[in-house]
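Residue numbers (my numbering): -2 to 238. Contents: one structure, followed by commentary.
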Ligand code: GLP
C-alpha cells in the first residue's frame, strides 16, 4: 500500500485525477471504477477541466460505479445516478452506454445483484477503482460486519452511515436504510484501488485501515492485500498515521 499525504483537499484531488488520467492515457479503453460522496467531487472537477482543455479523452473508457441506494429513483437528486450525471457524465465525452451503476429500483434486487456481477465479470479487470471511506471504515457500501462479502449484495446500512447521509437529504425520513453495493472482491482485485480521504472525521478510519489488522470490522483494511493500493489523505485525514 502506498500512502500519499497532501496538505490540502485540492492537492489530494489533483493527485487522484493525475493517476486516473495516467491510467486512461496508458489504456484508452480502461475500465474505471467510480465512487460517489463529497470526497471525489474535486477529482471529477479536475478531470472535467482537463477534458475541456482537450487534455484527456473519455470516449472509449467504460465506468463501473460502486453502489446505489435502494428505492431512490434515477431522477431523484439524491440518487447516485443523478450524482454521477451532474458531477461527471454530463460534462465529459464518456459513452453513457458504457457507464454502469446498480439499479436500486429493480423489482428483483437479487437478480439485479447477479446482473451487476455479470457486468463486472465481463470486464477483464477494473483498471483503477476510485474509493472514498466511511467514518466507520466502509468502502462502497460494504459496511463493517462479521464477514467480507465478495459479490454484489443488498446491505442494511448501519446507523452511523444513515446519520452521515442525512446531510444530503432535505427530509430525514427519506434517508435510505438499504443499498446495493459492489462486493469486496472486485474492489480489492482491481488493478489499482485508489482510496481518498479528507478531513478530521476520517482520521480514525484511516488509522484503523493503515495500522490495524485486516478485518471485516473495518472493510477498507482489506485493501492492504493489494500491493498496488494507493491511499491519498489530506493533512487532517492523515493526522493519525
Ligand atoms: C457513502 C458512499 C461511499 C463513500 C462514503 C463517504 O457511504 N457509499 O462510497 O465513500 O459515502 O462519503 P464522503 O466522501 O461524502 O465522506
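We treat Cβ as the ideally placed atom computed from N, Cα and C, and that holds for glycine.
Checklist line | The beta strand (DSSP E) enclosing residue 151, as first and last residue numbers | finding: Position 154 of the chain shown holds residue 151. Run containing residue 151: 150 to 153, per the beta strand (DSSP E) assignment.
Check: What runs of the beta strand (DSSP E), each 3 residues or longer, lie entirely inside the segment 66 to 124?
Finding: none
Check: Among the residues of its own chain, which have a CB less than 6 Å from the CB of residue 166, if the five just before and after it don't count?
Finding: Residue numbering aside, residue 166 sits at position 169 when the chain shown is read from its first letter. 75, 172.
Next item on the list: Any chance you could list the alpha helix (DSSP H) runs of at least 4 consecutive residues sitting entirely within the segment 186 to 230, in chain order?
Entry: 200 to 208
Checklist line | Residue of 236, 105, 132, 22 minimising C-alpha distance to residue 156 | finding: On the chain shown, residue 156 is found 159 positions in, with the first residue counted as 1. When each option's Cα is compared against that of residue 156, the closest is 132.
Item checked: Contact between the segment 115 to 123 and the segment 59 to 71 (3+ Cβ pairs under 8 Å) -> yes
Checklist line | Assigned secondary structure, residue 170 (DSSP; H/G/I helix, E/B strand, else coil) | finding: By 1-based counting over the chain shown, the position of residue 170 is 173. DSSP places residue 170 in helix when its eight states are reduced to three.
Notebook entry, point to check: Relative to the C-alpha of residue 160, which residue among 19, 227, 169 is closest?
Noted result: Within the chain shown, numbered from 1, the residue matching residue 160 stands at position 163. Among 19, 227, 169, the Cα nearest to that of residue 160 belongs to 169.
Checklist line | Cβ distance (whole Å) where residue 148 is taken to contact residue 196 below 8 Å | finding: Position 151 of the chain shown, counted from the start, is the residue given in the question as residue 148. Position 199 of the chain shown, counted from the start, is the residue given in the question as residue 196. That pair is no contact at about 31 Å.
Notebook entry, point to check: Are residue 185 and residue 130 closer than 8 Å when you measure CB to CB?
Noted result: Stepping through the chain shown from its first residue, residue 185 is reached at position 188. Stepping through the chain shown from its first residue, residue 130 is reached at position 133. Cβ atoms of residue 185 and residue 130: not closer than 8 Å.
Check: For residue 138, which option in 177, 5, 57 has the closest C-alpha, if you only look at C-alpha atoms?
Finding: For the purposes of this step, residue 138 is taken as residue 141 along the chain shown, with counting starting at 1. For residue 138, the nearest C-alpha among the options comes from 177.
Checklist line | Contact test: residue 130 Cβ vs the ligand GLP heavy atom, cutoff 7 Å | finding: Locating residue 130 in the chain shown gives position 133, counting from the first residue. Correct: residue 130 has its Cβ closer than 7 Å to the ligand GLP.
Next item on the list: Taking only the alpha-carbon atoms, compute the straight-line gap between residue 201 and residue 134 and give it to the nearest angstrom.
Entry: Position 204 of the chain shown, counting from 1, holds the residue named residue 201. Position 137 of the chain shown, counting from 1, holds the residue named residue 134. Whole-angstrom Cα-Cα distance: 9 Å.
Notebook entry, point to check: Could you give the distance in angstroms between the alpha-carbon of residue 82 and the alpha-carbon of residue 141?
Noted result: Translated into positions along the chain shown, residue 82 becomes position 85. Translated into positions along the chain shown, residue 141 becomes position 144. Distance between the alpha carbons of residue 82 and residue 141: 29 Å.
Item checked: N- and C-terminal bounds of the beta strand (DSSP E) containing residue 139 -> Here residue 139 corresponds to residue number 142 of the chain shown, with the count starting at 1. Per DSSP, residue 139 belongs to no beta strand (DSSP E) and is neither H nor E.
Note to self: Am I right that residue 100 and residue 109 are in contact with their C-beta atoms under 8 Å? What's the rounded C-beta distance?
What the structure shows: Position 103 of the chain shown, counting from 1, holds the residue named residue 100. Position 112 of the chain shown, counting from 1, holds the residue named residue 109. Between residue 109 and residue 100 the Cβ distance is about 5 Å, and since that is below 8 Å, they are a contact.
Check: My guess is that residue 192 and residue 228 are in contact by the Cβ rule of under 8 Å, so how many angstroms apart are they, rounded?
Finding: Numbered from its first residue, the chain shown carries residue 192 at position 195. Numbered from its first residue, the chain shown carries residue 228 at position 231. Indeed, because the Cβ distance is near 5 Å, the residues count as touching under 8 Å.
Note to self: Taking 8 Å as the limit between beta carbons, can you name the residues of its chain near residue 212, skipping five residues before and five after?
What the structure shows: Position 215 of the chain shown, counted from the first residue, corresponds to residue 212. Counting only Cβ-Cβ distances below 8 Å, and skipping sequence neighbours, we find 218.
Notebook entry, point to check: Between the Cα of residue 35 and the Cα atoms of 235, 180, 225, 162, which residue gives the shortest distance?
Noted result: If you number the chain shown from 1, residue 35 lands on position 38. Nearest C-alpha to residue 35: 162.
Margin query: Applying the 10 Å Cβ sphere with the 16-neighbour rule, what's the burial state of residue 124?
Written below: Translated into positions along the chain shown, residue 124 becomes position 127. Buried: at least 16 other Cβ atoms inside 10 Å.
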